[in-house]
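What follows is a set of notes on a single structure, which appears directly below.
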Amino acid sequence: NIMTRLGNSGGIDVGVKSGASSLKFYIPKDSGVRVTSKSALSSNNFGDFGLVKTKKSWESKDWADAKNKVNIDLESGASKIELISY
549 NIMTRLGNSG GIDVGVKSGA SSLKFYIPKD SGVRVTSKSA LSSNNFGDFG
599 LVKTKKSWES KDWADAKNKV NIDLESGASK IELISY
C-alpha cells in the first residue's frame, strides 16, 4: 500500500513504478490533475474523480488553466489506484 498526500506548491510531478499494489493519492481540491498511466490490470476512480480521458492521459477539465497542477506518471502491475480530494 502506498499513500501520498500532495500539497499546493504550484506544480508537482509524481512518478511511480510498482508491481501489484494499492495506491492512494490525496490531492488538494483546487488542483488541476493529469494522470498518465501505463498499468497492466488496474482499477481506478479517475472518471469518478472528474478526470476526462484524452489520447495519452486522464485530465481534470481545468488542467490548462489551473494555478496548482499535479502531474502523476504511473507504471504498475495489477493495482488499485485511487485519487482523493482534501
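Here the numbering used here = 1-based position in the sequence shown + 548. Think of the CB as a built atom: it goes at the ideal place given N, C-alpha and C, for glycine as much as any other residue. In this text the structure is predicted, and so the values were computed from the model without any measurement.
{"query": "Straight-line gap, E630 to A612 (C-alpha atoms, nearest Å)", "result": "22 Å"}
{"query": "Those residues which DSSP pairs with K604 across a bridge", "result": "According to DSSP, which records beta bridges pairwise, K604 is partnered with nothing at all."}
{"query": "Residues that DSSP places opposite K565 in a beta bridge", "result": "E623"}
{"query": "V618 beta carbon less than 9 Å from that of F597", "result": "no"}
{"query": "Whole-angstrom C-beta distance between S587 and L622, which should lie under 8 Å", "result": "6 Å"}
{"query": "S605 and S627 closer than 9 Å at C-beta", "result": "no"}
{"query": "Cα-Cα separation, G567 to G625", "result": "5 Å"}
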